[in-house]
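These protein sequences, in sequence, are chains W and L. For the first sequence, this note's numbering gives the first residue as 171, with consecutive numbering after it. For the second sequence, this note's numbering gives the first residue as 40, with consecutive numbering after it. Backbone N, C-alpha and C define an ideal beta-carbon position, used for all residues, glycine too. Everything on this sheet refers to the single structure shown next.
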Amino acid sequence: MLFKLWQVALFTYRESLRQRIVYGVLVCAALLILFSLMFSGWFMRDILKIILDLCLAAVSLGGLLVPFFAAINLVAGDIDQKTIFTILSRPVGRGLYIVGKFCGLALLACTIMAILTLATLAALWGAALIFDPFFLCNLSISAILVAIAMKALATLVLIAVAMLWSTVTTSTFLATLLTLCSYIIGQSVESVVRFLVLQQNQLDYSPLLRLVAEASLYVFPNLAAFNFQHQAAHGLAIAPGEVLFALVYGLSYTAGLLILAVLLFSRRDLS
Amino acid sequence: MPAILCHALSKTYGHGFWRLQRKVALANFSLDVARGEVFGIVGPNGAGKSTALKILMGLVRPTSGSAQILAMPASDPACHAHLGYLPENPSLYKKLTISEHLHFAGQLAQMPSKVIRSRTAELLALVDLPLAAHIPIQRFSKGMTQRAALAYALFTDPKILILDEPMSGLDPLGRQLVLEIIRHCHNQGKTILFCSHILTDVERICSRIGIMHQGKLVAQTTPAELAQQLPASASASSATPLERLFLATVQKGVVPEGKQGEGHAL
Numbered sequence: 171m172l173f174k175l176w177q178v179a180l181f182t183y184r185e186s187l188r189q190r191i192v193y194g195v196l197v198c199a200a201l202l203i204l205f206s207l208m209f210s211g212w213f214m215r216d217i218l219k220i221i222l223d224l225c226l227a228a229v230s231l232g233g234l235l236v237p238f239f240a241a242i243n244l245v246a247g248d249i250d251q252k253t254i255f256t257i258l259s260r261p262v263g264r265g266l267y268i269v270g271k272f273c274g275l276a277l278l279a280c281t282i283m284a285i286l287t288l289a290t291l292a293a294l295w296g297a298a299l300i301f302d303p304f305f306l307c308n309l310s311i312s313a314i315l316v317a318i319a320m321k322a323l324a325t326l327v328l329i330a331v332a333m334l335w336s337t338v339t340t341s342t343f344l345a346t347l348l349t350l351c352s353y354i355i356g357q358s359v360e361s362v363v364r365f366l367v368l369q370q371n372q373l374d375y376s377p378l379l380r381l382v383a384e385a386s387l388y389v390f391p392n393l394a395a396f397n398f399q400h401q402a403a404h405g406l407a408i409a410p411g412e413v414l415f416a417l418v419y420g421l422s423y424t425a426g427l428l429i430l431a432v433l434l435f436s437r438r439d440l441s
Numbered sequence: 040m041p042a043i044l045c046h047a048l049s050k051t052y053g054h055g056f057w058r059l060q061r062k063v064a065l066a067n068f069s070l071d072v073a074r075g076e077v078f079g080i081v082g083p084n085g086a087g088k089s090t091a092l093k094i095l096m097g098l099v100r101p102t103s104g105s106a107q108i109l110a111m112p113a114s115d116p117a118c119h120a121h122l123g124y125l126p127e128n129p130s131l132y133k134k135l136t137i138s139e140h141l142h143f144a145g146q147l148a149q150m151p152s153k154v155i156r157s158r159t160a161e162l163l164a165l166v167d168l169p170l171a172a173h174i175p176i177q178r179f180s181k182g183m184t185q186r187a188a189l190a191y192a193l194f195t196d197p198k199i200l201i202l203d204e205p206m207s208g209l210d211p212l213g214r215q216l217v218l219e220i221i222r223h224c225h226n227q228g229k230t231i232l233f234c235s236h237i238l239t240d241v242e243r244i245c246s247r248i249g250i251m252h253q254g255k256l257v258a259q260t261t262p263a264e265l266a267q268q269l270p271a272s273a274s275a276s277s278a279t280p281l282e283r284l285f286l287a288t289v290q291k292g293v294v295p296e297g298k299q300g301e302g303h304a305l
């Protein structure tokens, strides 16, 4: 079982590496990192923050490519173009197909993000050579690595979201749109709920609205829970409890989405 | 126990925006294919041929009825270890090469690397693609893709082959090659179920032929029975016996007398 899963993951990974867009995004992200070195000098006291903001944005961009392009192309496109028969005509169940595809895409996301992490570390090394050490005194490599690891976890959640939408819709466009909506809601839902809680005495809104907002916090992926960029940029200590919560939340949410995707996909006719 | 057994299969698809309109693709479809037999299904477009094959591959769930492959439920992926499937207009992964596809099939079957390499060379030679091993599929012509997909279906030396329009998109040479491969597989004792629109090909290679119409298997015959000419009253005088039987069955909805395959109009 695990051997077959690994084979499907490897096949997916190999195919995804041949997508030109992967290299396009890698080039864009590398340019962003280069610009961070070139332009951060304009900001003097905020040199480290600017470099890290741009570099971490590049890492995020590289990671986001996978759920928005690769995952949808490789799963919804697989169903659309009937390439799925190539795998399902082998002794591979639908559950194995979904989980195998997810693992292959997760491998792709990790590869891209690992390359961009190395580029980020190279940019920081370059900054240490160019700028006065005073401007980099808040640098905390461990905080940066934790922030990137959490970004990778958020990417895994989004890949699972993209896979879920790919299994329930028949169009790649609709799957992309639904994944984008989930991403936007996931990025902002925590802020909206926090705002509603803080302003409950000042604002007159229906309890139903708050209930819907709080329910959204559980239904949609709360991507803000994986955001440790602020701590990394300012060299602040990251509480282990927060990281543990994000880890457990991310893994269980991803597992839940994959189970749902497998259940829905098992019932689907591939005509 | 037959190699392939379908019992009273029905399939109704929902279509339209809300999928509330119903379309019957299969209605009480029953079939049995004995081990080592080559069974050809012919029928007009929309007769339900591909749906029947997809149910056998577990790609489509029947509304009712059952399908078995080597006494295992067709929905069980484990039975695919004994199956080779060539879908209609096969689509392989465009960025990958045929040798990568074959390697994947071999790995899933847990074949040793050495065997995978020798089998790849053997099959690429069989489908006349020996020089295309490392070319991405996106650079293949339609005929090359069809032959590559056939190599993929045959890679693990399956006991049963299910081929959906194996000759579509092929030039006369390619068609001849595929016919030879099917014959070769038949001689090896493989069970072959395939559907095709090319009646002359079906007539040439099948041990048994079934005619599908409106989701049902309405007639069965054998090449031996077809060898006895149909009555001159059949539709087109220049047509082959199978063409005449096909046209008579599909156009008029009746099976000509004495041509119901051991007496069964199904």
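| request: Reducing DSSP to helix, strand and coil, say where residue 353 (chain W) ends up. | output: On the first sequence, residue 353 (chain W) is found 183 positions in, with the first residue counted as 1. Helix, per DSSP.
| request: For residue 411 (chain W), count neighbouring C-beta atoms within 10 Å of its own C-beta (all shown protein chains included) and say buried if the count is 16 or more, exposed if not. | output: One-based indexing of the first sequence puts residue 411 (chain W) at position 241. Burial call: exposed.
| query | Do you know how far the Cα of residue 203 (chain L) is from the Cα of residue 382 (chain W)? | reply | Translated into the one-based positions of the first sequence, residue 382 (chain W) becomes position 212. Translated into the one-based positions of the second sequence, residue 203 (chain L) becomes position 164. For residue 382 (chain W) and residue 203 (chain L), the distance between alpha carbons rounds to 50 angstroms.
| query | Under the rule that 16 or more other beta-carbon atoms within 10 Å means buried, what is residue 149 (chain L), buried or exposed? | reply | Your numbering for residue 149 (chain L) matches position 110 in the second sequence. Exposed, by the Cβ-count rule.
| Shorter than 9 angstroms from the beta carbon of residue 139 (chain L) to some beta carbon of chain W? | Sequence index remark: in the second sequence, residue 139 (chain L) carries index 100 (1-based). So yes, residue 139 (chain L) belongs to the interface.
| query | If we count the other Cβ atoms within 10 Å of its Cβ and call it buried at 16 or more, is residue 365 (chain W) buried or exposed? | reply | Position 195 of the first sequence, counted from the start, is the residue given in the question as residue 365 (chain W). Around the Cβ of residue 365 (chain W), a 10 Å sphere holds fewer than 16 other Cβ atoms; the residue is exposed.
| For the region 90–110 of chain L, which residues have a CB atom closer than 9 angstroms to at least one CB atom of chain W, in sequence order? | Under the 9 angstroms Cβ criterion, the region 90–110 of chain L contributes 90, 93, 96, 97, 98, 99 and 100.
| request: With DSSP as the reference, please indicate the residues paired to residue 326 (chain L) in a beta bridge. | output: Given that chain L is displayed from residue 40 to residue 305, the structure contains no residue 326 (chain L) and the question cannot be resolved.
| message | Taking 8 angstroms as the cut-off, does the region 222–237 of chain L touch the region 81–101 of chain L (at least 3 CB pairs, one atom from each stretch)? | response | Contact holds: three or more Cβ-Cβ distances are below 8 angstroms.
| field | Local Cβ density within 10 Å of residue 351 (chain W), reported as buried at 16 or more and exposed below that | value | Locating residue 351 (chain W) in the first sequence gives position 181, counting from the first residue. So residue 351 (chain W) counts as exposed.
| Among L:154, L:142 and L:195, which residue has its Cα nearest to the Cα of residue 173 (chain L)? | For the purposes of this step, residue 173 (chain L) is identified with residue 134 of the second sequence, where counting begins at 1. A check of alpha carbon separations from residue 173 (chain L) across L:154, L:142 and L:195 identifies L:142 as the nearest.
| message | Under 9 angstroms, Cβ to Cβ, is there at least one residue of chain L near residue 299 (chain W)? | response | Within the first sequence, residue 299 (chain W) is the residue found at index 129, counting from 1. By this cut-off, residue 299 (chain W) is not an interface position.
| query | Given that residue 239 (chain W) touches chain L, what residues does it touch there, using C-beta distances under 8 angstroms? | reply | For this step, residue 239 (chain W) is matched to residue 69 along the first sequence. Within 8 angstroms Cβ-Cβ: nothing; residue 239 (chain W) doesn't reach chain L, min ~14 angstroms.
| residue 198 (chain L) (DSSP reduced to helix, strand or coil) | Mapped onto the second sequence, residue 198 (chain L) falls at position 159. It is coil, neither helix nor strand.
| Near-chain L residues of the region 238–265 of chain W - C-beta to any C-beta below 7 angstroms | Going along the region 238–265 of chain W in chain order, one finds 251, 252, 253, 255, 256, 258, 259, 260, 261, 262 and 263 with a Cβ nearer than 7 angstroms to chain L.
| request: Tell me, please, whether the CB atom of residue 341 (chain W) is closer than 9 angstroms to any CB atom in chain L? | output: Translated into positions along the first sequence, residue 341 (chain W) becomes position 171. No, its Cβ sits nowhere closer than 9 angstroms to a Cβ of chain L.
| 6 angstroms Cβ shell around residue 420 (chain W) - same chain, five flanking residues per side excluded | The count along the first sequence starts at 1 and reaches residue 420 (chain W) at position 250. Answer for residue 420 (chain W): 323 and 327, listed in chain order.
| Helix, strand or coil: which one does DSSP assign to residue 71 (chain L)? | By 1-based counting over the second sequence, the position of residue 71 (chain L) is 32. Strand.
| task | Look at the alpha carbon of residue 432 (chain W) and the alpha carbon of residue 270 (chain W), and state the distance between them as a whole number of angstroms. | result | In the first sequence, the residue the question calls residue 432 (chain W) occupies position 262. In the first sequence, the residue the question calls residue 270 (chain W) occupies position 100. Residue 432 (chain W) and residue 270 (chain W): Cα-Cα distance of roughly 11 angstroms.
| Is any beta-carbon of chain L found at less than 9 angstroms from that of residue 435 (chain W)? | By 1-based counting over the first sequence, the position of residue 435 (chain W) is 265. Not one chain L Cβ lies under 9 angstroms of residue 435 (chain W).
| message | Let me check understanding here. Comparing Cα to Cα, which of W:189, W:438 and W:405 lies closest to residue 312 (chain W)? | response | Residue mapping note: residue 312 (chain W) aligns to position 142 of the first sequence, counting from 1. Residue 312 (chain W) has its Cα closest to that of W:405, out of W:189, W:438 and W:405.
| query | Is residue 199 (chain W) near the ligand GDP, with its Cβ less than 8 angstroms from a heavy atom? | reply | This structure simply doesn't include the ligand GDP, nor any ligand for that matter.
| query | For a contact meaning CB atoms closer than 8 angstroms, what does residue 126 (chain L) contact in chain W? | reply | Taking the second sequence and counting its residues from 1, the one referred to as residue 126 (chain L) is at position 87. What residue 126 (chain L) touches in chain W: 252, 255 and 259.
| field | Helix, strand or coil at residue 166 (chain L) [DSSP, three-state] | value | Translated into positions along the second sequence, residue 166 (chain L) becomes position 127. Looking at residue 166 (chain L) - three-state DSSP - the assignment turns out to be coil, as it is neither helix nor strand.
| query | Just reading off the beta strand (DSSP E) that residue 247 (chain L) is part of, what are its end residues? | reply | Against the second sequence, residue 247 (chain L) aligns to sequence position 208. For residue 247 (chain L), the uninterrupted beta strand (DSSP E) run begins and ends at 247–252, by DSSP.
| task | Just the C-alpha distance for residue 415 (chain W) and residue 277 (chain W), rounded to the nearest angstrom, thanks. | result | On the first sequence, position 245 is the one that residue 415 (chain W) refers to. On the first sequence, position 107 is the one that residue 277 (chain W) refers to. Cα-Cα distance, rounded: 23 angstroms.
| First and last residue of the uninterrupted beta strand (DSSP E) at residue 124 (chain L) | Numbered from its first residue, the second sequence carries residue 124 (chain L) at position 85. Membership of residue 124 (chain L) in the beta strand (DSSP E) is indicated by the continuous run 122–125.
| field | Cβ separation of residue 97 (chain L) and residue 116 (chain L), assumed to be a contact under 8 angstroms, to the nearest whole Å | value | Stepping through the second sequence from its first residue, residue 97 (chain L) is reached at position 58. Stepping through the second sequence from its first residue, residue 116 (chain L) is reached at position 77. The C-beta distance from residue 97 (chain L) to residue 116 (chain L) rounds to 7 angstroms, short enough to fall under 8 angstroms.
| query | Roughly how many angstroms lie between the CA atoms of residue 287 (chain W) and residue 209 (chain W), to the nearest whole one? | reply | Taking the first sequence and counting its residues from 1, the one referred to as residue 287 (chain W) is at position 117. Taking the first sequence and counting its residues from 1, the one referred to as residue 209 (chain W) is at position 39. Distance between the alpha carbons of residue 287 (chain W) and residue 209 (chain W) is about 19 angstroms.
| task | Tell me, please, whether the CB atom of residue 174 (chain W) is closer than 9 angstroms to any CB atom in chain L? | result | One-based indexing of the first sequence puts residue 174 (chain W) at position 4. Among the residues facing chain L, residue 174 (chain W) is included, as its CB has a counterpart in that chain under 9 angstroms away.
| For the 8 angstroms Cβ check, are there 3 or more pairs between the region 292–303 of chain W and the region 160–171 of chain L? | The region 292–303 of chain W vs the region 160–171 of chain L: no contact.
| query | Closer than 7 angstroms, Cβ to any Cβ of chain L: which residues of the region 322–337 of chain W, in chain order? | reply | So nothing in the stretch comes that close.
| message | Looking at chain W, is there any beta carbon in it that lies within less than 9 angstroms of the beta carbon of residue 209 (chain L)? | response | As a position in the second sequence, residue 209 (chain L) is number 170, starting the count at 1. Residue-level contact by beta carbon fails for residue 209 (chain L) and chain W, as no gap is shorter than 9 angstroms.
| message | My parser needs the alpha helix (DSSP H) runs of 4 or more residues fully inside the region 201–269 of chain W; what are they? | response | Correct list: 217–235, 242–250 and 254–258.
| message | Under 9 angstroms, Cβ to Cβ, is there at least one residue of chain L near residue 440 (chain W)? | response | Against the first sequence, residue 440 (chain W) aligns to sequence position 270. The beta carbon of residue 440 (chain W) sits closer than 9 angstroms to some beta carbon of chain L.
| query | Considering only C-alpha positions, which residue in the set W:371, W:206, W:272 and W:258 is nearest to residue 180 (chain W)? | reply | Numbered from its first residue, the first sequence carries residue 180 (chain W) at position 10. Of the candidates W:371, W:206, W:272 and W:258, the one whose C-alpha sits nearest the C-alpha of residue 180 (chain W) is W:272.
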